[in-house]
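Following: one structure in structure tokens, then a few remarks.
There are 2 protein chains.
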Amino acid sequence: MSARPLRLSTTEPGFEAAFGARLHWSAETDAQVEERVTEILADVARRGDEAVLAYTARFDALQATGMQALELKASELQAAFEALPAVQREALEQAAARVRRYHEAQKRASGESWSWREPDGTLLGQKVTPLDRVGIYVPGGKAAYPSSVLMNAIPAQVAGVGEIIMVVPTPRGERNPLVLAAAHVAGVTRAFCIGGAQAIAALAYGTATVPRVDKITGPGNAYVASAKRRVFGQVGIDMIAGPSEILVLADGSTPPDWVAMDLFSQAEHDELAQSILLCPDAGYIDRVQAEIDRLLPQMPRAAIIASSLNGRGALIHTRSMEEACDISNRIAPEHLEIASADPHRWEPLLRHAGAIFLGAYTSESLGDYCAGPNHVLPTSSTARFSSPLGVYDFQKRSSLIEVSEEGAQTLGRIASVLAHGEGLQAHARAAEMRLKP
Amino acid sequence: MSARPLRLSTTEPGFEAAFGARLHWSAETDAQVEERVTEILADVARRGDEAVLAYTARFDALQATGMQALELKASELQAAFEALPAVQREALEQAAARVRRYHEAQKRASGESWSWREPDGTLLGQKVTPLDRVGIYVPGGKAAYPSSVLMNAIPAQVAGVGEIIMVVPTPRGERNPLVLAAAHVAGVTRAFCIGGAQAIAALAYGTATVPRVDKITGPGNAYVASAKRRVFGQVGIDMIAGPSEILVLADGSTPPDWVAMDLFSQAEHDELAQSILLCPDAGYIDRVQAEIDRLLPQMPRAAIIASSLNGRGALIHTRSMEEACDISNRIAPEHLEIASADPHRWEPLLRHAGAIFLGAYTSESLGDYCAGPNHVLPTSSTARFSSPLGVYDFQKRSSLIEVSEEGAQTLGRIASVLAHGEGLQAHARAAEMRLKP
């Protein structure tokens with residue numbers, strides 16, 4: 001088995017076409033998935049718990065006597081935590097503490113209410129409040145990630161959300177103890193062993209047992225993504241995630257085996273994950289390829305890594321670090337490592353990225369688990385316009401306006417002119433009524 | 001013609017059912033609209049300008065020789081502004097200045113980058129950057145609102161967005177001078193006389209003439225809403241707006257004609273707009289109804305107002321102001337007026353609203369035009385989880401992580417344990433490689 005990411009150079013005439021083709025990824029929606037999801041949503045809206053139980057029996061091979069049997073008690077989450085080996089318990093707690101501290105700083109920086117009074121007594125401001133109740137979707141089965149539980153639940157908890165409802169499918173009744181333990185550590189309020197479009201429907205519409213939430217976050221398969229897209233508007237949702245990506249900008253100063261392993265750590269997620277290296281030093285790119293060749297056979301997930309790197313990976317030789325930064329901005333990567341001796345020189349040039357990892361010691365994996373920032377990040381170029389999951393996703397804002405009698409004299413005249421200009425006479429009259437005669 | 005909003009009392013046994021029925025509004029998607037929009041999006045993606053021109057000829061009855069002919073030059077926007085009567089010019093400028101000042105405060109409060117260093121040298125933070133290019137949809141024809149141009153473009157400008165592209169349909173070539181003037185005042189970069197799904201497609205995909213944007217905001221008809229929903233993911237979008245709503249909480253201290261006119265000012269938007277009064281004083285409700293009867297015949301848009309109030313309006317007698325606040329929280333209204341002598345007593349009880357207008361002098365119309373806060377607000381109960389349009393909608397965040405050599409020793413051990421727990425060995429190895437031997 002070998003892993004040979006596509007080798008490109010920006011000086012080659014065919015670069016643009018080859019680069020474009022490698023980046024291409026289409027979130028084609030499957031008509032059959034859409035149709036099935038439409039049915040499931042309508043059925044859960046109509047039959048509630050009964051429908052959720054039927055789909056859970058069918059898709060997760062899990063027969064339950066009732067929805068109560070699918071709820072995980074707080075004591076079960078706690079017991080899962082306590083049954084873990086000490087080293088895992090401590091790692092979970094330390095990671096949670098760091099994630100909590102970062103999100104508390106985020107809340108102080110951008111999530112507090114504010115207002116001011118103008119000289120005429122008019123008050124303007126914005127009130128920031130937590131959502132009442134949110135749902136967190138946690139994938140089950142082969143890709144069960146306790147770190148995702150922390151990354152979704154902790155920002156909600158820091159925001160002050162009243163109830164955090166977790167859903168996690170447990171195919172054939174198999175529960176992942178680390179996921180349950182993470183739910184305990186992260187402060188999940190209630191948890192249900194359900195998944196797929198039926199779990200999204202239960203959270204969006206509510207059933208006799210599953211409470212209706214205001215927003216749903218967390219990744220899932222094509223059914224989950226389609227269901228989230230459909231219920232958007234009735235509830236809030238986070239971004240629809242595409243395959244995970246890493247882009248490494250290297251000036252040649254980081255040990256090449258570290259960079260090779262960082263590329264692997266993205267590639268091992270799945271065959272569609274994308275790992276790209278941008279570097280102005282062709283000799284360094286050769287050394288990274290040599291380390292890929294050397295390290296690949298040691299990896300338990302070598303087959304997935306090879307498939308991802310061969311199908312979607314790229315090692316790109318650039319004219320300069322500046323050009324590498326330009327290309328990175330065109331990609332707007334989810335994860336962006338600046339493997340440079342002088343990362344702060346390049347950071348200001350980088351306009352679009354979910355998370356920026358500066359310097360040789362900052363492997364993406366440290367950020368994935370425990371540095372503190374969120375690992376739920378915008379994929380597929382959406383970092384052009386969207387942000388990491390954060391406390392702000394679990395808050396909403398209300399404008400505050402208190403116009404004084406004096407203020408109403410100034411504002412009323414402006415509003416009256418503009419309202420008449422738009423042909424909205426009741427708007428104008430409402431302002432004019434507040435004017436002193 | 002008469003306007004008789006549904007009269008309800010929370011003490012009646014049938015209240016819940018009647019209240020639920022009155023609130024009900026469904027954003028049913030029309031299959032024909034969906035099909036047509038799918039065709040238009042695909043056609044613009046394929047044929048670019050040519051398709052946009054063809055649809056503009058067909059739907060807007062506007063034949064153009066080429067896309068250049070549909071672009072509004074900066075000089076045309078300026079000329080439109082200069083040709084306005086002085087009173088309108090000044091009102092636009094004063095409103096713009098206030099809106100700008102509010103959004104600058106919002107940026108200072110929640111839109112700046114931040115970071116800190118830990119004792120071991122590790123840096124954590126978040127970089128906040130403006131979007132590169134955004135598109136603003138402005139409806140044309142019967143509901144052409146210059147104030148919407150200000151409310152969409154100014155937050156983008158304050159955020160630091162590089163290019164603001166406005167699209168506005170001009171049926172039969174009729175241009176609204178106030179809309180053009182507002183674009184000049186608000187700092188729109190380029191403007192095109194196109195609309196409908198074809199304009200959304202042009203902004204989302206780009207054509208030879210219309211540049212591709214990163215996000216599209218602004219209200220539109222069913223075709224525009226459907227197109228925005230479809231292109232979401234390729235570009236960012238703001239909320240899909242439903243009918244506009246006002247809820248007035250009254251303790252009986254505000255002149256009843258002021259409250260009646262505030263209810264009218266929502267109802268005059270369209271037949272589906274919703275105006276609701278909640279008040280513990282039945283006599284006051286009678287006086288508001290009497291003012292409705294007295295004022296309605298004076299209103300140029302009386303037919304729309306009557307239709308809206310009769311079909312969707314409600315005057316609800318509550319047991320107390322506290323109960324009125326509870327009901328308001330269930331509705332999560334777009335606009336919420338606290339028509340009370342002591343508005344700050346009730347404001348803390350109100351958890352969900354797009355904008356809160358405190359006190360008798362704060363008519364919604366002052367907020368719509370010139371108080372400063374944005375008038376693009378979450379409708380249809382989405383204030384449970386979403387926020388007014390703001391500077392934050394035109395910014396995105398990137399996490400910043402710089403782990404020091406020392407920090408990598410602590411974090412690497414935690415990450416290694418958790419990565420092995422998730423079966424992601426390359427993640428673990430990447431962390432372990434940074435550990436000192």
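As given, the protein sequences belong to chains A and B, one line each in that order.
Throughout the first sequence, residue numbering follows our numbering, covering 1 to 437 in sequence.
Throughout the second sequence, residue numbering follows our numbering, covering 1 to 437 in sequence.
The beta-carbon is built from N, C-alpha and C at its ideal position, and this holds for glycine as well.
Return helix, strand or coil for residue 129 of chain B, following the three-state DSSP convention.
In the second sequence, the residue the question calls residue 129 of chain B occupies position 129. Residue 129 of chain B sits in a strand when the DSSP states are folded into three classes.
What does residue 274 of chain A pair with, by DSSP beta-bridge criteria?
Start at 1 with the first residue of the first sequence, and residue 274 of chain A comes out as number 274. DSSP output for residue 274 of chain A lists A/245 as bridge partner(s).
Under 9 angstroms from the C-beta of residue 96 of chain A: neighbouring residues of chain B
Indexing the first sequence from 1 puts residue 96 of chain A at position 96. None at all; the shortest Cβ gap to chain B is about 10 angstroms.
Amino acids of chain A, ordered along the chain, whose beta-carbon sits closer than 7 angstroms to that of residue 427 of chain B
Against the second sequence, residue 427 of chain B aligns to sequence position 427. Per Cβ cutoff of 7 angstroms: 265, 365 and 368.
Which full runs of the beta strand (DSSP E) of 3+ residues lie inside the segment 79-124 of chain A, going along the chain?
Counting whole runs of 3 or more residues, the segment 79-124 of chain A contains the beta strand (DSSP E) stretches 114-117.
Where residue 91 of chain A and residue 13 of chain B are concerned, what is the direct C-alpha to C-alpha distance, given to the nearest angstrom?
The residue you call residue 91 of chain A lines up with position 91 of the first sequence. The residue you call residue 13 of chain B lines up with position 13 of the second sequence. In a straight line, the C-alpha of residue 91 of chain A is about 56 angstroms away from that of residue 13 of chain B.
Hey, out of B/270, B/107 and B/259, whose CA is closest to residue 295 of chain B's CA?
Locating residue 295 of chain B in the second sequence gives position 295, counting from the first residue. Of B/270, B/107 and B/259, the residue nearest in Cα terms is B/259.
Within 8 angstroms, do at least three Cβ pairs link the segment 96-112 of chain A to the segment 164-174 of chain A?
Taking a cut-off of 8 angstroms for Cβ pairs, the segment 164-174 of chain A and the segment 96-112 of chain A do not touch, as fewer than three such pairs fall below it.
With distance defined between alpha-carbon atoms, name the residue in B/401, B/236, B/398 and B/430 nearest to residue 413 of chain B.
The sequence position of residue 413 of chain B within the second sequence is 413, counting from 1. Measuring from the Cα of residue 413 of chain B, the nearest candidate turns out to be B/430.
Quick check: does the Cβ of residue 263 of chain A come within less than 7 angstroms of any heavy atom belonging to the ligand MN?
Absent from the structure shown: the ligand MN. Ligands present: none.
Taking C-alpha atoms, which residue in A/54, A/148 and A/56 lies nearest to residue 369 of chain A?
The residue labelled residue 369 of chain A in the question sits at position 369 within the first sequence. Per the Cα distances, A/148.
Return helix, strand or coil for residue 279 of chain A, following the three-state DSSP convention.
Here residue 279 of chain A refers to the residue found at position 279 when the first sequence is read from its first residue. Residue state, collapsed to three classes: strand.
To which residues of the same chain is residue 100 of chain B closer than 7 angstroms at the C-beta, ignoring the five residues directly before and after it?
The residue you call residue 100 of chain B lines up with position 100 of the second sequence. Answer for residue 100 of chain B: 154 and 158, listed in chain order.
Check whether the Cβ of residue 437 of chain A lies closer than 8 angstroms to any Cβ atom in chain B.
Translated into the one-based positions of the first sequence, residue 437 of chain A becomes position 437. Residue contact with chain B for residue 437 of chain A: absent (no Cβ-Cβ distance below 8 angstroms to any residue of chain B).
At the 8 angstroms Cβ level, is residue 358 of chain B part of the contact set with chain A, yes or no?
In the second sequence, residue 358 of chain B corresponds to position 358, counting from 1. Closer than 8 angstroms to some Cβ of chain A, the Cβ of residue 358 of chain B qualifies, so yes.
Give me the Cα-Cα distance between residue 436 of chain A and residue 117 of chain A, rounded to the nearest whole angstrom.
The residue you call residue 436 of chain A lines up with position 436 of the first sequence. The residue you call residue 117 of chain A lines up with position 117 of the first sequence. In this structure, the straight-line span from the alpha carbon of residue 436 of chain A to that of residue 117 of chain A is close to 22 angstroms.
Counting only beta-carbon atoms, is residue 354 of chain B nearer than 8 angstroms to chain A?
To locate residue 354 of chain B, count along the second sequence from 1; it is residue 354. Under the 8 angstroms criterion on CB atoms, residue 354 of chain B is classed as interfacial with respect to chain A.
Take residue 151 of chain A and list the residues in its own chain whose beta-carbon comes closer than 6 angstroms to its own, dropping the five residues that flank it on each side.
The residue given as residue 151 of chain A occupies position 151 in the first sequence. Within the same chain, residue 151 of chain A has close Cβ partners 374, 375 and 376.
Counting Cβ pairs, one atom from each stretch, are 3 or more of them under 8 angstroms apart for the segment 271-290 of chain A and the segment 243-251 of chain A?
Yes, the segment 271-290 of chain A touches the segment 243-251 of chain A.
Can you tell me which of A/410, A/316, A/288 and A/416 puts its alpha carbon nearest to the alpha carbon of residue 20 of chain A?
Taking the first sequence and counting its residues from 1, one reaches residue 20 of chain A at position 20. Nearest C-alpha to residue 20 of chain A among A/410, A/316, A/288 and A/416: A/316.
From A/200, A/146, A/172 and A/384, pick the residue whose C-alpha is nearest to that of residue 183 of chain A; which is it?
For the purposes of this step, residue 183 of chain A is identified with residue 183 of the first sequence, where counting begins at 1. When each option's Cα is compared against that of residue 183 of chain A, the closest is A/146.
Can you give me the Cβ contacts of residue 220 of chain B inside the same chain, cut-off strictly under 7 angstroms, excluding the 5 residues immediately before and after it?
Within the second sequence, numbered from 1, the residue matching residue 220 of chain B stands at position 220. Contacts found: 137 and 139.
Answer with buried or exposed for residue 397 of chain A, where buried requires no fewer than 16 other C-beta atoms within 10 angstroms of its C-beta.
Within the first sequence, the letter at position 397 stands for residue 397 of chain A. With 16 or more other Cβ atoms within 10 Å, it is buried.
Residue 34 of chain A CB to nearest chain B CB: under 8 angstroms?
Residue 34 of chain A sits at position 34 when you count from the first residue of the first sequence. Answer no: the Cβ-Cβ gap between residue 34 of chain A and chain B never drops below 8 angstroms.
Nearest candidate by alpha-carbon position, reference residue 125 of chain A, set B/98, B/122 and B/120:
Here residue 125 of chain A refers to the residue found at position 125 when the first sequence is read from its first residue. With distances taken between Cα atoms, residue 125 of chain A lies closest to B/98.
Is there a Cβ from chain A that is less than 8 angstroms from the Cβ of residue 396 of chain B?
As a first step, residue 396 of chain B must be located in the second sequence, where it is residue number 396. Yes, residue 396 of chain B lies at the interface with chain A (some Cβ there is under 8 angstroms from its Cβ).
Residue 399 of chain A - containing beta strand (DSSP E), residue span
Along the first sequence, read from residue 1 onward, the residue named residue 399 of chain A stands at position 399. Residue 399 of chain A -> beta strand (DSSP E) spans 395-402.
Give me whichever residues DSSP pairs with residue 163 of chain A in a beta bridge.
Counted from its first residue, the first sequence places residue 163 of chain A at position 163. Looking at the DSSP output, residue 163 of chain A bridges to A/133.
Against chain B: residues of the segment 230-241 of chain A by CB proximity under 7 angstroms:
Flagged, chain order: 233, 235, 236 and 240.
Residue 401 of chain A beta carbon less than 8 angstroms from that of residue 371 of chain B
Counting from 1 along the second sequence, the entry for residue 371 of chain B is found at position 371. Counting from 1 along the first sequence, the entry for residue 401 of chain A is found at position 401. Cβ atoms of residue 371 of chain B and residue 401 of chain A: closer than 8 angstroms.
Pairs of beta-carbons, one from the segment 31-44 of chain B and one from the segment 338-348 of chain B, closer than 8 angstroms: are there three or more?
No, the segment 31-44 of chain B is not in contact with the segment 338-348 of chain B.
Inspect the CB distances between the segment 401-411 of chain B and the segment 374-393 of chain B and report whether three or more fall short of 8 angstroms.
With the rule of 3 Cβ pairs closer than 8 angstroms, the segment 401-411 of chain B does not count as touching the segment 374-393 of chain B.
Taking only beta-carbon positions, decide if residue 65 of chain B is within less than 8 angstroms of chain A.
Taking the second sequence and counting its residues from 1, the one referred to as residue 65 of chain B is at position 65. Chain A, which has no Cβ nearer than 8 angstroms to the Cβ of residue 65 of chain B, makes this no.
Residue nearest to residue 72 of chain B in terms of C-alpha spacing, selected from B/43, B/418, B/174 and B/103
The sequence position of residue 72 of chain B within the second sequence is 72, counting from 1. Considering only B/43, B/418, B/174 and B/103, the residue with the shortest C-alpha distance to residue 72 of chain B is B/174.
Residues bridged to residue 317 of chain A [DSSP beta-bridge criterion]
Start at 1 with the first residue of the first sequence, and residue 317 of chain A comes out as number 317. Partner(s): A/9 and A/279.
Pull up the DSSP beta-bridge partners for residue 385 of chain B, would you.
Position 385 of the second sequence, counted from the start, is the residue given in the question as residue 385 of chain B. As far as DSSP is concerned, residue 385 of chain B takes part in no beta bridge.
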